[in-house]
Amino acid sequence: MVESFMALPDEVPVRLYVYMLEQDDPAKCTAGKLHRFRLAVRVTKARRLPRGGLLLNPYAGKVLTSADRAAAERRGLSAVDCSWERAGEVAWKRIPGLHRRLPLLLAANPVSYGRLARLSSLEALAAALYILGFREQAERLLRLYKWGPSFLALNREPLEAYSRASTVDEVLEAEKEFFP
């Protein structure tokens, strides 16, 4: 039922933002669905993203760790919704936020199933929430799609290890263990 997914901003522990570049098929856009169900704020200009919040960036030099939790609680968590084929064209340096890359995980979405690090925006945000210790919010996002629970099933062990790691070195060590 639609109402079960509806959320007011003050009902969620971490406010989510999606910077929409509208490069993909709208019917398959997971970020668009997050916005339609009021689980994320849709942003069309980079400058409207919160400064000091976490920004998921696949090219960031620093990996996301549980130590980033306070920044997410205070200023939110953002993802850029774009085509993987055009992700290299994004002006990442012009986008405000604390840039973090996710540790390696497998995609469960139908377009990239089983591919390493080719996550949809929904999977990326859910993975970040899980790593930061907001498992219930992550699971809530993943319930939007019938393939959502498969993401957790595919990645349960690495997600648990990443969420227990408190330093970048510990996350990178866990990443090597699961994806040598």
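Each residue of the sequence shown is one higher than the last, beginning at -6 in the numbering used here. All residues carry an ideal CB built from backbone N, CA and C; glycine is no exception.
Using a 10 angstroms sphere on the CB of phenylalanine 172, the tally of other CB atoms stays under 16, which defines it as exposed.
Going by C-alpha positions, glycine 45 is about 31 Å away from arginine 108. Taken in chain order, the complete alpha helix (DSSP H) segments of 4 or more residues contained in the stretch 47 to 131 are 62 to 68, 114 to 125.
With fewer than 16 other Cβ atoms inside 10 Å of its own Cβ, serine 76 counts as exposed.
DSSP places tyrosine 12 within a strand segment (E or B) once states are collapsed to three.
In the three-state reduction of the DSSP assignment, arginine 35 falls in the strand class. Burial is judged here by how many other beta carbons sit within 10 angstroms of a residue's own beta carbon; glycine 141 has at least 16 and is buried.
DSSP places alanine 146 inside the alpha helix (DSSP H), whose first and last residues are 141 to 157. For the 8 Å CB-CB criterion, alanine 110 and leucine 118 do not form a contact.
In this structure the stretch 35 to 49 touches the stretch 66 to 73; the number of beta carbon pairs closer than 8 Å is three or more. Note on geometry: alpha-carbon atoms of valine 11 and glutamine 130 lie some 16 Å from one another.
Secondary structure note for arginine 44: it is in no alpha helix (DSSP H), with a DSSP letter that is neither H nor E. Assignment of leucine 137 by DSSP, reduced to helix, strand and coil, places it in the coil class. Taken atom to atom, the span from the alpha-carbon of phenylalanine 144 to that of proline 103 is near 11 Å. Remark: three or more beta-carbon pairs, one from each stretch, lie closer than 8 Å, so the stretch 50 to 60 and the stretch 158 to 168 are flagged as touching.
Setting aside the 5 residues that flank it on each side, leucine 137 is surrounded in the same chain by Phe(-2), Thr23, Lys26, Leu27, Phe30, Leu32, Leu115, each with a C-beta closer than 8 Å to its C-beta; the list follows chain order.
Just so you know, the alpha carbons of alanine 167 and alanine 53 end up roughly 18 Å apart.
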